[in-house]
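Read the structure below first, then the notes.
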Amino acid sequence: MTPFTYRSGALHVEEVPIARIAAEVGTPVYCYSAAALRRQWRLFADAFADMPVTICYSLKANSNLSVIKIFAELGAGVDVVSEGELRRALKVGVPPSRIVFSGVGKTRAEMRHALEAGILQFNVESEPELEALNAEAAALGVLAPVALRINPGIDAKTHAKIATGKAEAKFGIPWERAEAVYAQASALAHIRPVGLDIHIGSQLTDLSPFAAAFQRIVELARKLRTAGYEVPRLDLGGGLGISYRDEVPPELMAYAEIVRRSTSDLGCEIVLEPGRALVGNAGILVSEVLYVKTGATKTFVIVDAAMNDLIRPSFYEAYHGVMPVAAADGAAPPTRVDFVGPVCETGDVLASDRLTPPLAAGDLVAFLSAGAYGAVMASTYNTRPLVPEVLVDGARFAVIRRRPSYDELLAIESLPDWLGGPGG
Ligand SMILES: *Cc1c(COP(=O)(O)O)cnc(C)c1O
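Written as structure tokens, this is what we have:
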């Protein structure tokens, strides 16, 4: 089921015509469907309803405050990877008892902020990080709850830039050292070890790497229990893929069944950190056609969105479907085109080699499956203002991140006095 459908020839998000949003907010603009976000959350939560699972939405996929708030209202926890994300979660009322803090390079300031908030768990990725966290917890007179992130040495068979579970990746404590580091954590006065954590990669469309990784971490938990440690919790990370094109991601029920089968006899709490699977197909990027240019060998549809707004195609060779906002009338035959942006890079291609009905300047197009790792990865490269975001909920819509003005964009820069700036 998709919330992006044609009604009387006009593409809508739920009940709102996209052309209306474009007219009021301008383009490029991200549009999210609240119904799709809620539906995806419920599907995920239902799949795990009979297990002691805390679902911690991985904020980095889409950290807009309204998106977090929608999930928080449904009872979600969150997985954060920075103080900024932690502040977002706390701002919209996510209880600290449902917040886990991941990431290979937490600063001391970030640790303090999270310790003061009283979060559920730090996912710690190295011995030096463990020592630093122990010191910060000691200074505050508190205990830091820690799950050790283990690198299981498993190839998630996904794009190289988003495979995190291989032995050579920067992530996690090497499998071979896991028991020793758990013992070290237990010996530190201000660390309370609460279990183990893995996250092997993103956009996984096959269950077998999950099964292999879960098996490894469960085996490790058993060993630790035999050695006398409690190991009350396992955090199994995120990574479940979505369909961008013709991928067939695992059914949620099948994924849940692997979790159940792998962990049932341990009787421990489970944390999951889905990101993309909750938001990816709930968002689109809407853009206006500026020019249609006939090149020497190709036709280019030059749109007003660019790689700075949606970097996935140029960064990960990712595929995003494209739909014209006004339905094709079927009279003219489709043509083969590349959708490109205005940024001065040859890599600024949003979609290549697509069959599309004839398009002309002023037409609107929607890049699909842009709800995850879209707006959050946007930049102001080429001094293009940060792309705005809109939330649609039934017949309502609201701007949930506005487009900054050029004055705002330039306001954070200043000239030193020796170049004619103020002061000196
Ligand atoms: C990015 C990330 C996730 C979420 O990954 P998805 O593929 O979006 O589900 C979960 N956990 C950690 C530690 C991450 O870095």
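For what it's worth, our numbering labels the leading residue of the sequence shown as 401, then goes sequentially. We treat Cβ as the ideally placed atom computed from N, Cα and C, and that holds for glycine. Every value quoted in this text rests on a predicted model; they were computed, and no experiment measured them.
Check whether residue i and residue j have beta carbons under 7 Å apart
i      : j      : result
THR558 : GLN615 : no
THR605 : GLY641 : yes
PRO593 : VAL524 : no
GLU342 : GLY794 : In the structure as shown, the chain begins at 401 and stops at 824. Residue 342 is therefore absent and cannot be evaluated.
PHE404 : TRP441 : no
ALA567 : ILE684 : no
ALA537 : HIS590 : yes
VAL478 : ALA489 : yes
ALA766 : MET723 : yes
ALA544 : PHE522 : yes
CYS456 : VAL701 : no
beta-carbon residue i near ligand 1 non-hydrogen atom, thresh 6 Å
i      : result
SER637 : Sequence inspection shows Gly at residue 637; the Ser mentioned does not correspond to that position. GLY637 Cβ: within cutoff of ligand 1.
GLU673 : yes
ALA761 : no
GLY599 : In the sequence as presented, Gly is not what sits at residue 599; that position holds His. Yes, the Cβ of HIS599 comes within 6 Å of a heavy atom of ligand 1.
ASP479 : yes
ARG498 : no
ARG676 : yes
ALA539 : no
SER602 : yes
ALA563 : no
PRO643 : With the sequence shown as reference, residue 643 is identified as Ser, and Pro is not the correct amino acid for it. Every heavy atom of ligand 1 is 6 Å or more from the Cβ of SER643, so no.
SER526 : no
ALA705 : no
SER458 : yes
When the options are compared against residue i, the one with the closest alpha-carbon
i      : options                        : result
PRO495 : ILE468, MET511, VAL504         : ILE468
ALA772 : LEU437, PHE444, CYS456         : LEU437
ASP704 : GLY730, VAL740, MET723         : VAL740
ASP763 : ALA728, LEU786, PRO528         : ALA728
ASN782 : GLU808, CYS744, LEU819         : CYS744
CYS431 : SER497, ASN464, MET401, PRO452 : ASN464
ARG498 : PHE610, LEU459, HIS412, VAL429 : LEU459
ILE617 : ASP646, GLU647, ILE573         : ILE573
ARG407 : PRO822, ALA726, ARG508, LEU768 : ALA726
ILE418 : ALA811, GLY820, PHE797, TYR806 : PHE797
LYS698 : SER752, VAL671, ASP748, THR626 : SER752
Proximity test, residue i beta-carbon vs ligand 2 heavy atom, cut-off 6 Å
i      : result
ALA560 : Ligand 2 is not part of this structure, which contains only ligand 1.
If you pair each beta-carbon of the segment 469-489 with each one of the segment 547-561, do three or more pairs fall below 8 Å? no
Any contact of the segment 781-790 with the segment 416-436, i.e. 3+ C-beta pairs under 8 Å? Yes: at least three Cβ pairs fall under 8 Å.
So does the segment 732-740 actually touch the segment 752-766, counting three or more Cβ pairs closer than 8 Å? Touching, yes, given that three or more Cβ pairs across the two stretches are closer than 8 Å.
Along the chain, which unbroken stretches of the alpha helix (DSSP H) at least 4 residues long are found entirely within the segment 547-620? 578-587
Using a Cβ distance threshold of 8 Å, determine whether the segment 473-480 contacts the segment 798-815, with at least three qualifying pairs required. Taking 8 Å as the limit for Cβ pairs, the verdict is that the segment 798-815 does not touch the segment 473-480.
Touching or not, the segment 651-663 and the segment 580-588, by the rule of three or more beta carbon pairs under 8 Å? no
Minimum length 3: unbroken beta strand (DSSP E) runs contained in the segment 428-505: 429-433, 453-458, 477-480, 499-501
Run through the segment 747-785 for me and flag every whole beta strand (DSSP E) of 3 or more residues, listed as ranges in chain order. 749-756, 764-767
Please specify which runs of the beta strand (DSSP E), each continuous and at least 3 residues long, are wholly inside the segment 710-737, giving them in chain order. 722-724
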